[in-house]
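Okay, so the sequence shown: first residue is 1 according to full-length UniProt numbering, each after it adds one.
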Amino acid sequence: MAPSLVEQVSVDRLGPNEFVSKALPVHMGNASPMAYGGCALAIAMSAAYATVPESLVPYSMMGHFLGPASTDRKLYASVTQTRNTRSFATRRVEIKQKLDNGNFRSCLEAMIDFQIREPSLFDYSTPTWDRWPKPDDCPTLLSHAESLKARGLATQQEADHFAKTFSANAELFESRYCTNGVSGQNLGGVAKHAPTMQDNLPITSRFSAEWQRALCELKTPAENFAALAFLMDAALSFLPLTFMNMFLDDVGACASLDFALRMFVGDLKMEDWLLKERSTSRGGEGRTYSEGRLFDERGQMVASMTQQSIMRAKPAPKKSKI
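1. Return helix, strand or coil for S167, following the three-state DSSP convention.
2. So for L24, helix, strand or coil by DSSP?
3. Using 8 angstroms for Cβ pairs, my map puts E109 next to L66. What's the rounded Cβ distance?
4. Please classify Q157 as buried or exposed, where buried requires at least 16 other C-beta atoms within 10 Å of its C-beta.
5. Distance, Cα to Cα, A170 vs G37?
6. Count the CB pairs spanning the segment 292-304 and the segment 269-280 that are closer than 8 angstroms, and state whether there are at least three.
7. Could you name the residues that DSSP lists as bridge partners for G102?
8. For a minimum of 3 consecutive residues, which ranges assigned as the beta strand (DSSP E) are wholly contained in the segment 27-74?
9. For E210 and W129, what's the separation of their Cα atoms in angstroms?
10. Measuring only the C-alpha atoms, how far is L248 from T220?
11. Run the CB neighbour count on D72, radius 10 Å, all protein chains shown included, and call it buried at 16 or more, exposed below.
12. Could you work out which residue in N224, L268, R282, D258 is closest to F243 when comparing CA atoms only?
13. Please determine, among Q308, D250, V93, the residue with the shortest C-alpha to C-alpha distance to Y289.
14. For S183, I'd like the list of residues in its chain whose CB is within less than 6 angstroms of its CB, leaving aside the five on either flank, ordered along the chain.
15. Could you tell me which residues DSSP pairs with K214 in its beta bridges?
16. Does E285 come out as helix, strand or coil in the three-state DSSP assignment?
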């Protein structure tokens, strides 16, 4: 069972610029026995936030996953203060894990930029890609899986696999699936034979969306933005598989390589309903490029994350020797 969302994204201070996660990272949305990448993002955000004045809020977080993290040991964060002005602060954060021999192994590096709150000359937002139903009109993750199973569109094994794969998210966030999105119709690709309303569209014109809100109270801006970083990493690396009615067992490797998270508001409340919609733009050279966008209930975009991810085909089976 995952800890509370606050504990999952929080850090303890070891020194002026050294921190360690309060909780172990969790596993979610990956076929390999590795930690969910959003855990490292959240810890990096929390560590950086602990080194800036309270008047600053983050507006961008960019970097690279350097290697998989394990779920059996905590995440350590080292923060380098690269800019401190009256209006801005920049932090470079390295996330690492301690090996059995006492050495550290790097998992992620990120540059996180902060700015003071300023008045707006312009205030506008692009609309959502589609007309999505409201949260109260969308089923929960588990009830929708049961509905697809009852209609013969998902097997018991597929419904159980879906629930197990995303159990950590279900313990931290309340999720409501928009059933006019691809992932809402094929259980994120787990129900491979379930038809979707977008099967006739090219993959770059397909969309998925879910309403999400934190299940526990987040009292500080640092907790809210760390929870945002945790949430935005979810399901982007394997989104092209979802859109092609495939899942992680259909590929040799699928994992995020880099990320660019941009935040557009300073008063984020992750306990409110937020709509996360996702699309993919490019695939080739063993990589994919996808985007997730987060909107509040008023339709204002509050954050965006883009990622390139590794997407390797399964190796050809070895021919048996006679």
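Cβ atoms here follow ideal geometry from the backbone N, Cα and C, with glycine treated the same way. It should be emphasised that the depicted structure is a prediction, and the values quoted were computed from it without experimental measurement.
Let's see:
1. For the purposes of this step, residue 167 is taken as the residue at position 167 of the sequence shown. Helix, per DSSP.
2. For this step, residue 24 is matched to residue 24 along the sequence shown. Coil, per DSSP.
3. Position 109 of the sequence shown holds residue 109. Position 66 of the sequence shown holds residue 66. Right, their Cβ atoms sit about 6 angstroms apart.
4. Reading the sequence shown from its first residue, position 157 is the one you call residue 157. Q157 comes out exposed.
5. Taking the sequence shown and counting its residues from 1, the one referred to as residue 170 is at position 170. Taking the sequence shown and counting its residues from 1, the one referred to as residue 37 is at position 37. Cα to Cα, the separation comes out at about 16 angstroms.
6. The segment 292-304, when compared against the segment 269-280, does touch it at the 8 angstroms Cβ threshold.
7. Here the question's residue 102 lines up with position 102 in the sequence shown. BP columns for G102 are empty, so no partner.
8. 56-65, all fully within the segment 27-74.
9. Taking the first residue of the sequence shown as position 1, residue 210 is located at position 210. Taking the first residue of the sequence shown as position 1, residue 129 is located at position 129. The straight-line gap from Cα to Cα measures roughly 13 angstroms.
10. Working through the sequence shown from its first residue, we reach residue 248 at position 248. Working through the sequence shown from its first residue, we reach residue 220 at position 220. Just so you know, the alpha carbons of L248 and T220 end up roughly 36 angstroms apart.
11. The residue labelled residue 72 in the question sits at position 72 within the sequence shown. Exposed is the call here.
12. Taking the sequence shown and counting its residues from 1, the one referred to as residue 243 is at position 243. The shortest C-alpha separation from F243 is found at R282.
13. Here the question's residue 289 lines up with position 289 in the sequence shown. Among Q308, D250, V93, the Cα nearest to that of Y289 belongs to Q308.
14. In the sequence shown, the residue the question calls residue 183 occupies position 183. Excluding sequence neighbours, S183 sits near S208, T242.
15. If you number the sequence shown from 1, residue 214 lands on position 214. It should be pointed out that residue 214 corresponds to Ala in this sequence rather than to Lys. Partner(s): F173.
16. Locating residue 285 in the sequence shown gives position 285, counting from the first residue. The answer is coil: DSSP assigns E285 none of H, G, I, E or B.
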